[in-house]
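To start, the structure itself, in structure tokens.
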Amino acid sequence: MSSFVKVRIIDSEIQGKTGYQTDHRPLVEPVQRNRSNRYLEISRKERTVKMKIKALIAAFSLILGSCVSSPDSSAHAPAVEPVKAAEEPSIAMLIERGDTAGLQALFKGREQANAPDGAGLYPLHSAVLRKSSEMVGILLSMGAAPDPVDPDGKTPLRYAVDSGDAASARELVLKGASVFLADKAGVSPLDAAIAKGFTGSIVDRRSASARGSHGETPLHVAVDRLSLDAVKTILSLDPDLSARDSSGRTPLDAAFMHPGSLASAAIAELLVSRNAPSNLDDFSYFVRAVRDTNYARARFVDGATVLHEAVRFDHKGYLAFFLERGVPVDARNASGSTALHDAIRLDRLDSAKALIDKGADPNARDGSGNTPLHLALPSAQSQVSVDMLLAAGADPSIKDKGGNTALHIAVSLGYPPSLVDILIARGAPVDAANVEGDTSLAMAIRRRNGPLVATLSGKGASLFVKNAKGETPLSIALADGAESTVMLLGASPRNARDDSGDSPYHHAVRLLSAADTIAAMKTLGFDPSARNNEGDTALHLATRSNAREQGLALLSAGSDPFSANAAGATPLSLALSQKAGPLAWFFTDAVMASRDSSGNGPLHYAAMAGLAEGAAFLASKGVDIDARNAAGQSPMMLALRKDSTGTVNTLLSLGADIKARDSSGATALHLAVYWNSTECLRLLARSASDLDPRDYTGKTPLRDAVDKANVSATAFLLERGADPLARDNSGETPLHAAARQADERFASALASKAKRIDVRDDSGATPLLEAAYAETPKTARVLAALGASIHARDSTGESPLSYALKKGGNLLAAMLDEKTARSSDADGRSVLRVIIEAKPSVEFVETALAAGASPNDRDAFGRSPLHAAAMSGYSGLVTRLASAGADLFVRDSEGATPAGIALAKANSGSDEAIRAMFGTNPNSADYLGDTVLHYAAAAGLDKAVQSLLALGADPGIRNAAGETPADVARRRGYETLAKLLGN
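Under the numbering used here, the first residue of the sequence shown carries the number 17, and numbering increases by one thereafter.
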């Protein structure tokens with residue numbers, strides 16, 4: 017029998033105890049197994065049995081070793097059916113089936129333990145894949161080499177690491193498996209173990225001192241892989257910290273080889289704390305700081321902190337390490353710089369960002385007053401660093417010791433406009449001045465940097481900020497000539513002004529700039545007639561200072577010679593009024609032919625300025641003496657504005673037409689009144705043949721004087737005989753106009769000269785009605801006192817009285833005096849009657865009564881105000897009129913009395929009229945002695961009688977005939993009423 021068959025027989029015996037066959041087919045299948053996972057699951061009880069099996073295998077090992085290749089046909093078969101001979105299984109099959117006994121028996125020598133299968137896997141690989149440390153141990157004890165490699169170059173130890181099989185890994189390491197042997201991808205078992213946190217399973221005290229192909233120890237590898245956990249694990253094995261690899265590196269040196277890693281710093285801290293040596297001087301600060309233990313306290317050359325040193329050596333990971341351990345981020349060195357200053361200065365942008373992220377102050381100043389932003393601008397990576405700092409809140413308005421902001425520095429270094437735009441957008445003041453007084457714009461124009469000049473100007477930089485020498489950006493440009501001026505002004509606002517309102521043209525004149533510079537401003541679109549705060553144009557300045565070149569350049573550029581300043585002076589008037597005589601250079605052909613927007617020419621302006629000599633000078637040059645402007649006014653007419661009799665006389669002497677009219681028909685007299693030219697008015701009136709010429713609206717000079725409220729002109733013209741009743745085109749007279757004036761002197765003066773006071777205009781309005789419409793009570797009082805009718809109606813039926821009643825007591829009181837209060841209208845209605853019908857107001861009745869109105873005035877129908885008040889039910893007015901002495905029993909043309917009206921209303925259910933009329937005197941009687949009770953009894957008005965009795969009327973009073981009210985009732989057949997009256 018072959019050894020294989022013997023093993024099968026032994027397995028058959030074993031299976032009765034375990035319930036498993038050696039090929040893993042259970043006699044009873046209690047669990048459906050996953051065929052993809054052929055690993056045998058053995059219960060605790062089965063493992064105990066397996067230990068016994070191992071003992072049996074050991075007992076039969078000699079037999080297996082001698083019989084594997086010599087089958088014995090005489091051996092007795094077991095008491096089972098003969099098994100059909102099968103091929104001897106391979107080692108891979110035995111491992112796959114978990115057949116340890118078969119595996120033990122199979123090996124007659126070591127050669128099979130080191131032979132790969134068809135897939136290139138060695139027995140040890142397969143054993144590890146099974147996670148069977150037991151099989152791994154057997155294979156190793158049978159002489160299997162510990163480091164065979166599969167087609168990918170992976171060793172069994174690598175398999176153990178990848179599968180997390182610590183037991184197999186230990187078996188392999190104990191037999192000398194290398195932790196350094198890398199696969200084709202360059203990954204060693206140690207690399208994989210470190211990555212998986214498996215280091216402790218493959219590194220022990222013996223292997224901790226092992227060396228790789230480059231002389232590295234496991235600690236070197238753990239450090240290079242930046243695994244703090246792996247380093248801690250290996251350090252627990254007390255490795256040699258001074259061990260050097262083939263490059264001479266200690267483990268601490270290896271840590272320092274990763275300056276950008278935070279993990280490297282943590283590992284280095286741990287190694288330094290174990291007194292690990294290093295030969296790298298750049299990290300001496302780190303070693304000192306760790307040994308000092310107080311990182312914030314550590315100081316180095318020039319007072320540098322660990323942060324400064326980490327930045328200096330570009331140790332980004334170590335910088336992060338110290339920041340995480342609370343080293344103050346804004347700590348300063350001896351020169352006042354923070355680590356952020358150094359990071360920006362050295363272009364360590366990653367470090368700068370790390371510092372900013374930890375709260376570094378982007379506006380901290382160093383000993384020279386520089387902020388990080390100042391230092392960023394001269395750096396190679398300025399754009400990136402500037403963006404970073406601005407995003408962190410860097411203030412571009414902060415100045416260094418020279419007073420320079422970031423904007424000054426950017427301009428001085430010639431940065432592109434894009435950066436300047438960013439700085440301004442983030443708050444850099446565009447007009448900030450440094451200690452020399454220069455703004456960024458002044459620096460840019462001095463350097464003739466067109467793009468920056470345009471950018472700054474476009475962002476509102478002022479042209480007019482003065483430096484310590486009195487220079488401004490504009491003055492620098494003007495002094496440099498037209499090219500620089502165009503460069504500066506090209507992007508500037510066309511309405512640019514300094515605090516005095518001066519434009520670039522004003523400055524050009526003051527600096528006596530060349531003519532081509534002034535011409536360039538015109539080309540750019542600047543207004544050559546721009547005025548400053550005093551109203552002066554640049555041409556005013558040139559004319560006043562007799563700056564011929566600049567003045568002619570301005571005139572050529574189109575500067576307005578007629579523009580008046582705040583004092584009314586024009587460049588033309590200044591040119592005419594020079595002490596040495598008119599400036600001949602000013603009066604070019606273009607100036608002489610020029611007109612302003614109103615059509616005024618040089619002679620008009622000379623006349624308006626009252627320049628008699630200037631007018632004569634211009635006339636001598638052939639100017640038309642009666643030239644008209646757009647309003648049809650001649651120079652002589654405009655001379656009236658200044659009330660310049662000298663100019664008027666000069667023009668008249670030169671042939672000016674005194675009778676000329678302007679486009680509105682106004683004469684010189686009209687205009688003298690209009691402009692309040694008192695002296696010229698007197699001059700013209702003395703030679704005028706007609707004091708009442710009418711303009712095209714029919715108004716006379718007197719009318720204009722009244723409309724303008726010109727007291728002196730009004731008085732003068734009236735005195736000279738002007739007509740106060742001269743009508744205009746609508747029939748209005750100067751007296752109507754005077755009535756509208758609040759100043760009653762006008763109405764008084766004109767009315768005293770008027771032939772009649774109630775003259776009507778085309779609408780029928782009288783001057784008094786105009787006064788009412790204008791609500792001028794003082795004027796109304798004057799006119800009423802002079803006899804103006806308060807009842808005169810216009811075409812709408814409105815009278816002064818009716819309008820006054822609409823507007824209120826002041827106007828009404830002004831119109832009523834003793835005479836007007838007793839007056840009646842065309843219908844015979846008294847003032848009281850009009851009040852009751854138009855505006856039934858006790859206040860107005862009181863006003864009229866106080867002025868002298870009679871309560872018993874009657875109209876053409878004999879009706880008194882009391883009739884009207886009683887019929888309308890105005891109880892308050894009834895009471896007031898009754899108390900004022902109104903006759904209660906007066907009869908109108910129809911025989912009705914106020915008392916009768918009241919009694920009739922009472923008998924119909926409303927006794928309000930009775931109470932109003934008789935409340936204070938219920939026994940009022942007529943001239944025949946009949947009381948109101950007699951009247952009620954005679955009319956049979958029982959309800960009225962009852963109301964009167966309730967008021968206290970005496971039923972016992974007898975009339976002139978000796979009758980009581982009861983007697984009258986009985987006589988009239990009202991027996992019941994007589995009984996009511998008590999008789």
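Using N, Cα and C, we set each Cβ at its ideal position, and we do this for glycine too.
Only a predicted model underlies this, so the values are computations on that prediction, with no experimental measurement involved.
- In terms of Cα proximity to lysine 191, the closest of Leu667, Pro205, Leu590, Leu173 is Leu173.
- As a beta-bridge residue in DSSP terms, threonine 947 pairs with Ala941.
- Fewer than three Cβ pairs drawn from the segment 489–505 and the segment 443–453 lie within less than 8 Å of each other, which leaves the two stretches out of contact.
- Apart from the 5 residues on each side of it in sequence, alanine 829 sits with its Cβ closer than 6 Å to the Cβ of Thr863 in its chain, given in chain order.
- The distance from the Cβ of alanine 953 to that of alanine 929 is about 18 Å, inconsistent with a contact at the 8 Å cut-off.
- In the structure shown, threonine 559 adopts helical secondary structure according to DSSP, grouped into three states.
- Going by beta carbons, aspartate 346 and alanine 312 fall outside the 8 Å limit.
- In the DSSP assignment, threonine 553 is bridged to Arg547.
- Short of 7 Å from the beta carbon of glycine 443, and not among the five residues preceding or following it, lie these beta carbons of its own chain, in chain order: Asp411, Pro412, Ser413.
- For aspartate 843, the number of other beta carbons within 10 angstroms of its own is below 16, and it is reported as exposed.
- Judged by DSSP in its simplified three-state form, arginine 657 adopts helix.
- No Cβ-Cβ contact shorter than 8 Å links valine 152 with glutamate 127.
- In this structure, the straight-line span from the alpha carbon of proline 981 to that of phenylalanine 860 is close to 38 Å.
- If you ignore the 5 residues before and after threonine 171, its C-beta comes within less than 6 Å of the C-beta of Asp163, Val165, Leu197, all in its own chain and listed in chain order.
- Residue pairing by DSSP places threonine 354 opposite Arg348 in a beta bridge.
- Around the beta-carbon of proline 167, fewer than 16 other beta-carbon atoms lie within 10 Å, marking it exposed.
- Boundaries for tyrosine 990: no alpha helix (DSSP H) harbours it, and the DSSP string shows neither H nor E there.
- Between arginine 988 and the set Ser963, Asp970, Leu957, the nearest pair of CA atoms involves Leu957.
- At least 8 Å separates the beta-carbon of arginine 845 from that of glycine 878.
- Residue pairing of serine 840 in beta bridges, as defined by DSSP: Ser846.
- Taking C-beta atoms as the reference points, aspartate 363 and glutamine 397 count as a pair closer than 8 Å.
- The alpha-carbon of glutamate 735 is positioned some 40 Å away from that of leucine 590.
- Positions of the alpha helix (DSSP H) runs, each at least 4 residues long and wholly inside the segment 735–805, are given as 750–755, 760–769, 783–790, 793–801 in order along the chain.
- DSSP, reduced to helix, strand and coil, places tyrosine 621 within a helical segment of the structure shown.
- With at least 16 other beta carbons inside 10 angstroms of its own, alanine 767 counts as buried.
- Excluding residues up to 5 positions away in sequence, Leu356, Ala359, Ile360, Ser401, Met404 lie with their Cβ nearer than 7 Å to the Cβ of alanine 368 in the same chain.
- A direct Cα-to-Cα measurement between threonine 309 and valine 469 gives close to 55 Å.
- When the alpha-carbon of lysine 147 is set against those of Gly136, Gly159, Ala185, Gly134, the nearest one is in Ala185.
- Contact check for isoleucine 461 against serine 508 fails: the beta carbons are separated by 8 Å or more.
- Of the residues assessed, glutamate 748 falls on the buried side of the cut-off, its CB having 16 or more other CB atoms within 10 angstroms.
- By the 16-neighbour rule on beta-carbons within 10 angstroms, aspartate 245 is exposed.
- Residue burial annotation: tyrosine 943 is exposed, with fewer than 16 other C-beta atoms found within 10 angstroms of its C-beta.
- DSSP places arginine 304 in the helix class (H, G or I) of the three-state scheme.
- DSSP places serine 963 inside the alpha helix (DSSP H), whose first and last residues are 958–967.
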